[in-house]
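Student: What the sequence shown shows, in numbering that gives the first Met the number 0, is residues 0 to 983, in sequence order.
Quick one: the structure is below, and I'll ask about it shortly.
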Amino acid sequence: MNKDFAVMQGAFLSANRVSPLCSLLKPDWDKVGCSILDALREISLQKDNRDDVKKTLLCAVWLKLLSAEAEEDIEVTWRESSVFALQNGLPDLNRVVFLELVRSTTSINHFTRLLLCLPPSLLCAELQKFVQHISSSPVREEDLHFFLGVWQELWRIEDVQSDSTEEMFAREVSRLSSNALQQPAKRIKLDTPDCPDILYILFHALRDLKDQITAAELGFRALSISLNALYTSFLIDAEAGISTKEKLEILTQMATIRERNNEKLSPKMVADSLKDLKATQVPSKFKPLQLNLGQVLAIIAEVTKGWFNNGLLKVEDRSNPSYSMFTLKLSLQNVFVALDETSETIDYTFLKNLFDSLDFSKVDASPDFAAKITMTVISHKMDDYLNFALLFAGEKSWAACDESYIDFLEKNQSAFRDHEAVVQLAQSIVGKFNSGSVDVGHYRKLMKVTADIFSALNVNDKNKALAAVMDISTRGFFGSNTPPTVTTSFEQELNMAFNCIIQGGGGTSVCSNLNTAASLVARVAFQNPEAAVKAMCNSAISNKGAFTIMAKILQLLLGLSGRLNESARDTGGKGLLCKCVKGIMKAKQMSQDEKEQLVKFLCLLMQPAEGAEGEGRGQSFILPQMVIYAFVLPNLALGCVDLEMSLQLLHRALCMPRQEGAPHWVMLCSPFPLLFVLAQLHNHTLSRRGGQTSDRTSILSMETRELLVTVLVALGQVVGAEVMADSDSWSRALFWLYNKTEELDWTVRFLLKPVWGEHFKNEVPASLLAVCDLPEQEWSGVDLPQYGPGTGLVAWIECCCISDTLQSTMLSCLSLDQRKPDHVNMFSKGLLVALTQALPCCSLSQWSHLLRALRSLIDSGRLHVPFSLEYCDFLPLLDLRRFACELRLSVLLLRVFQLLCGSSCAHWLSRDGWGHVGTLYSHAVREMIGTLKAKLPLTLTTKDSLAEDSMINHSEAVEEKESVPSQRCCLYSARSTVMFNTSR
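What follows is the structure, given as structure tokens:
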């Protein structure tokens, strides 16, 4: 026991000498209470927390009473009670001493909290004794305030966590109780069937005390509290829906009334008013067990009518209502609304008459006063302060860019850490600045504070805030009239952020922590999204390898995509990222490396981002159709410098995973016109075969041609699948595309075969039907000027180059009688000529297709290529039958080169054409060598390997430089020697 409670015990003993405390009556408290109250006041002045002293004293006195009533043996108390030293030093006392001590020390809150720590049955018993004490003679006005205060506090106290004193009190009560629980008693809702009715005790006490209430203010307060109990216990099951703005309006009126009654605006006043308001909106923890709604209304009606008859409820000053009158009117409004919605037929005319009598003028308050109350709620983190912060942030008229406003935001940053609050705060600040009455220094400080608040948000909230800022303005804090000093300061922050990311790109400082890099970018993006995204795009394009981390950062900051919600999809390529990239492309001529980085950057952004742990893959930063609209469709024209990049992007976009169960995204991108444009580009390459053109700007590289065919086929397969799934919807577009391709090369329609499937016959040059037996139901011949008599094998070869399926058809339907050697010889000679014509026109993939067809013809004996080697006579045991196909193919290629190098064809190919033919020939030789190596059972010797390497290097050199026809023939001899050595 400390010295403070020794002083208190001395005060109790001193009071006990004046009048025995064990038999003290209510009127005698004033005689003995002075010494106790003086001692308590003296101790409290020396303590930082005076309430703890009061609560501990009340706990000790109450436990003293309960221990005496339980007739607990002092030996047991000494061993088991943790407060034995405190209560044993007190003299015997009765309940009058305890309750008068509570009243005199204005400790209603402590008393009520301890009351709620009791088990249900004991709580009701103690409350009944409290009511008996209030009702005992004489009933003073202070007793009535005491009674109403306890009743009101029972409804105001929430189920919050108990402190150490309350926990100790609950343990002691549990120990003393005859049916003590093994665990400490906890504050619970009193709705068990065997629990006495708290409402019954209180409402009957009100009826018994009605004649004792003679002051109008007490009457208004009693009716307000009782109607609130009626409303929260009988009429609602969930918290009443009331907006924060309505709450603030009521709070402002409450505070205004209390200020008029000489109360100073303080955190305690606001907190009390807020508690009173919440008590009228939340369902009570006390549920009726012995009373019903009609009985309670009858009691209130009896009390109200009695006071009306006595003139107690008359409003004296209608221009200056009291606090109790105002809360009574609120309670009546709540009850009216609830009774109108109930199914019971209840007469509450008396309540309407009461409401009509409360006809006082509306309480008006200035907006500044409302702002002060809101700031008080936020500063002291009162109930619902986060919603008040959201309201405060959205009120543009409250934004005062001065030191006090800045100081308030700095001290209460945690209250505004919500994506809606921080965006509304930014809007209010920008709006205030645009009014032209803000100091630039203050504006910079406010920008910093707001950015600090934003930086403390989690990633999800940051993205929501960024999305909201993007919806308002892509320039954030920076409007048209932003001062240069503010802009310069931001640019320094922007440069510093990206320097940290780029310079740490190869190390472990920033890149190892992607979240840190994303936070740096998010902070500047919140202030100016457009500047941040533009800087990211610049870094991704210009800094080697930076596209990866920039894409990862953007995938974390999906709020910058402009489509955080799937409902807000920009499919037209007008998003901020597309705008920034287009600006960069327009401002400078990008190098090939920069174009490659841009393609990789956009491809990463089209991929679904990795979701949080357990969430799988999320959405992509940019939709493939946005990329198509922004960077593909505008550049699909001959001579466009970005044509190859556009094709690469289209190809990558088509390879992206699609959403299951939904139409393919490409169907949103005008797929049939897109197919036709690609087909036109391919047709243009066919008209420039062999590089025979002087217009070098319109020549596509062979790699670009390959990519073009790949994209055309891939797009055709995607569109074809969608057409097949819903042919009726797309039939008109299908016929349009088919008719448009009539003006193109006949082979183009075969590339688009997946689009129209079996809707149309296969149209080929009529000369092809002379060398191929094709069914008339599926095939038809057309007369084409460039395919006259004798060109059937040229058309046949071109078909073999298009696809494996078409090649298989051509091989199986070839019209050739192998039983007649002269037919085979004629076919072989004709094929040699056709192959010579087709070779310079083939792309690498087409050449690979054609080589497979040639191998098939040789293996099946339909293509006869005689060969002889002079050294075979000297190696009679050498078996070359396994290599017959390779030898015949090698000779065939030799014959082709002999024709190309002949006088009739010497000037047929351009410089680039010869280079392309050399590339195709080298590819064929590599393929033959690979086949030979696969057939050889023994590994190559070192000498043979060196010979092979020398040959390959030589063939690669041929690809790089111009060669005269005679050199082309020498190339074959070198190849043949190596093949022979290899076979040996």
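A virtual CB, placed ideally from N, CA and C, is assigned to each residue, including glycine.
Specify the secondary structure class of residue 287 as computed by DSSP and reduced to three states.
Tutor: Indexing the sequence shown from 1 puts residue 287 at position 288. Looking at residue 287 - three-state DSSP - the assignment turns out to be coil, as it is neither helix nor strand.
Student: Taking the alpha-carbon positions, what's the residue 458 to residue 708 distance?
Tutor: Taking the first residue of the sequence shown as 1, we reach residue 458 at position 459. Taking the first residue of the sequence shown as 1, we reach residue 708 at position 709. When rounded, the separation of the alpha-carbon atoms in residue 458 and residue 708 is 43 Å.
Student: Answer with buried or exposed for residue 617, where buried requires no fewer than 16 other C-beta atoms within 10 angstroms of its C-beta.
Tutor: On the sequence shown, residue 617 is found 618 positions in, with the first residue counted as 1. By the 10 Å Cβ count, residue 617 comes out exposed.
Student: Start and end of the alpha helix (DSSP H) containing residue 343?
Tutor: Indexing the sequence shown from 1 puts residue 343 at position 344. Run containing residue 343: none; DSSP gives neither H nor E here.
Student: Report the rounded CA-to-CA distance for residue 778 versus residue 760, giving the unit in angstroms.
Tutor: Start at 1 with the first residue of the sequence shown, and residue 778 comes out as number 779. Start at 1 with the first residue of the sequence shown, and residue 760 comes out as number 761. About 5 Å.
Student: Out of 514, 831, 58 and 579, state which residue places its alpha-carbon closest to the alpha-carbon of residue 791.
Tutor: Here residue 791 is taken as the residue at index 792 of the sequence shown, counted from 1. It is 831 whose Cα lies nearest to the Cα of residue 791.
Student: Who does residue 762 pair with in a DSSP beta bridge?
Tutor: Mapped onto the sequence shown, residue 762 falls at position 763. The partner list for residue 762 (beta bridge, DSSP) reads 779.
Student: Between the alpha carbons of residue 7 and residue 35, how many angstroms are there, rounded?
Tutor: Locating residue 7 in the sequence shown gives position 8, counting from the first residue. Locating residue 35 in the sequence shown gives position 36, counting from the first residue. So the alpha carbons of these two residues sit roughly 7 Å apart.
Student: Roughly how far, in whole angstroms, is the beta-carbon of residue 373 from the beta-carbon of residue 391, given that I think they are within contact range, below 8 Å?
Tutor: Here residue 373 corresponds to residue number 374 of the sequence shown, with the count starting at 1. Here residue 391 corresponds to residue number 392 of the sequence shown, with the count starting at 1. Separation of the CB atoms of residue 373 and residue 391 is rounded to 5 Å, and the pair is thereby assigned contact status at 8 Å.
Student: Nearest to residue 840 by CA position, among 864, 801 and 818, is which residue?
Tutor: Walking along the sequence shown from the start, residue 840 turns up at place 841. For the set 864, 801 and 818, the Cα lying nearest the Cα of residue 840 is the one of 801.
Student: Could you pull out every unbroken alpha helix (DSSP H) segment of at least 4 residues lying fully inside the region 393-464, listed in chain order?
Tutor: 402-410, 418-433 and 439-454
Student: Threshold first: 4 residues or longer. Then list the alpha helix (DSSP H) segments lying entirely within the region 907-939, N to C.
Tutor: 910-934
Student: What are the boundary residues of the alpha helix (DSSP H) that residue 576 is part of?
Tutor: The sequence position of residue 576 within the sequence shown is 577, counting from 1. Start and end: 575-586.
Student: Helix, strand or coil: how does DSSP classify residue 58 here?
Tutor: Residue 58 sits at position 59 when you count from the first residue of the sequence shown. Helix, per DSSP.
Student: Is residue 645 near residue 631, with beta carbons less than 7 Å apart?
Tutor: As a position in the sequence shown, residue 645 is number 646, starting the count at 1. As a position in the sequence shown, residue 631 is number 632, starting the count at 1. Contact check for residue 645 against residue 631 passes: the beta carbons are separated by less than 7 Å.
Student: When we look at the beta-carbon of residue 718 and count the other beta-carbons within 10 Å, is it buried (16 or more) or exposed?
Tutor: Position 719 of the sequence shown holds residue 718. Looking at its Cβ environment, which holds 16 or more other Cβ atoms inside 10 Å, residue 718 is buried.
Student: Across the region 128-138 and the region 45-56, are there enough close Cβ pairs to call them in contact, namely three or more that are closer than 8 Å?
Tutor: no
Student: Thinking C-beta only, is residue 290 closer than 7 Å to residue 198?
Tutor: The count along the sequence shown starts at 1 and reaches residue 198 at position 199. The count along the sequence shown starts at 1 and reaches residue 290 at position 291. Closer than 7 Å, so yes.
Student: Closest to residue 148 by C-alpha separation, out of 124, 105 and 135, would be which residue?
Tutor: Indexing the sequence shown from 1 puts residue 148 at position 149. For residue 148, the closest alpha carbon among the candidates 124, 105 and 135 is that of 105.
Student: Note the first and the last residue of the continuous alpha helix (DSSP H) segment covering residue 999.
Tutor: Shown here, the chain extends from 0 to 983; a query on residue 999 therefore has no answer.
Student: If you reduce the DSSP assignment to three classes, tell me which class residue 900 lands in.
Tutor: Translated into the one-based positions of the sequence shown, residue 900 becomes position 901. Coil, per DSSP.
Student: I want to know whether the region 69-85 touches the region 130-140 - three or more CB-CB distances under 8 Å.
Tutor: no
Student: Report the rounded CA-to-CA distance for residue 413 versus residue 553, giving the unit in angstroms.
Tutor: Start at 1 with the first residue of the sequence shown, and residue 413 comes out as number 414. Start at 1 with the first residue of the sequence shown, and residue 553 comes out as number 554. So the alpha carbons of these two residues sit roughly 26 Å apart.
Student: Checking 7 Å against the spacing of the C-beta atoms, do residue 705 and residue 844 come in under that value?
Tutor: Your numbering for residue 705 matches position 706 in the sequence shown. Your numbering for residue 844 matches position 845 in the sequence shown. Contact: yes.
Student: Per DSSP, what kind of secondary structure is residue 771 in: helix, strand or coil?
Tutor: Looking up residue 771 in the sequence shown gives position 772. Correct three-state label for residue 771: strand.
Student: Alpha carbon to alpha carbon, how far is residue 10 from residue 246? Give it in angstroms, no decimals.
Tutor: Within the sequence shown, numbered from 1, the residue matching residue 246 stands at position 247. Within the sequence shown, numbered from 1, the residue matching residue 10 stands at position 11. Taking the straight line joining both Cα atoms gives about 46 Å.
Student: How far does the alpha helix (DSSP H) with residue 823 in it extend, from its first residue to its last?
Tutor: As a working note, residue 823 is residue 824 in the sequence shown. From DSSP, the alpha helix (DSSP H) with residue 823 extends over 820-837.
Student: Alpha carbon to alpha carbon, what distance is there between residue 633 and residue 670?
Tutor: As a working note, residue 670 is residue 671 in the sequence shown. As a working note, residue 633 is residue 634 in the sequence shown. Each residue's Cα considered, the two are about 14 Å apart.
Student: Between the beta-carbon of residue 527 and the beta-carbon of residue 501, is there less than 7 Å?
Tutor: Taking the first residue of the sequence shown as position 1, residue 527 is located at position 528. Taking the first residue of the sequence shown as position 1, residue 501 is located at position 502. By the CB criterion at 7 Å, residue 527 and residue 501 fall outside the cutoff.
Student: Please give the ranges of any alpha helix (DSSP H) in the region 131-176, keeping only runs that are unbroken, at least 4 residues long and fully inside the region.
Tutor: 140-155 and 163-175
Student: Excluding five sequence neighbours on each side, which residues of the same chain lie with their C-beta closer than 7 Å to the C-beta of residue 69?
Tutor: Sequence index remark: in the sequence shown, residue 69 carries index 70 (1-based). 175.
Student: Less than 7 Å between C-beta atoms, sequence neighbours within five positions excluded: which residues of the same chain meet that for residue 323?
Tutor: Indexing the sequence shown from 1 puts residue 323 at position 324. If we look at residue 323 and ignore the five residues flanking it on each side, its Cβ neighbours are 216, 219, 220 and 223.
Student: Going by DSSP, what residue range makes up the alpha helix (DSSP H) through residue 277?
Tutor: As a first step, residue 277 must be located in the sequence shown, where it is residue number 278. From DSSP, the alpha helix (DSSP H) with residue 277 extends over 266-278.
Student: Is the region 274-281 touching the region 152-163, taking contact as three or more C-beta pairs under 8 Å?
Tutor: The region 274-281 is in contact with the region 152-163.
Student: Check whether the Cβ atoms of residue 484 and residue 439 sit closer than 7 Å, and answer yes or no.
Tutor: Along the sequence shown, read from residue 1 onward, the residue named residue 484 stands at position 485. Along the sequence shown, read from residue 1 onward, the residue named residue 439 stands at position 440. Result yes, Cβ atoms of residue 484 and residue 439 sit closer than 7 Å.
Student: Sorted by chain position, which residues of the same chain lie with C-beta nearer than 8 Å to residue 313's C-beta, five sequence neighbours on each side aside?
Tutor: As a working mapping, residue 313 is identified with position 314 in the sequence shown. Around residue 313: 215 and 356.
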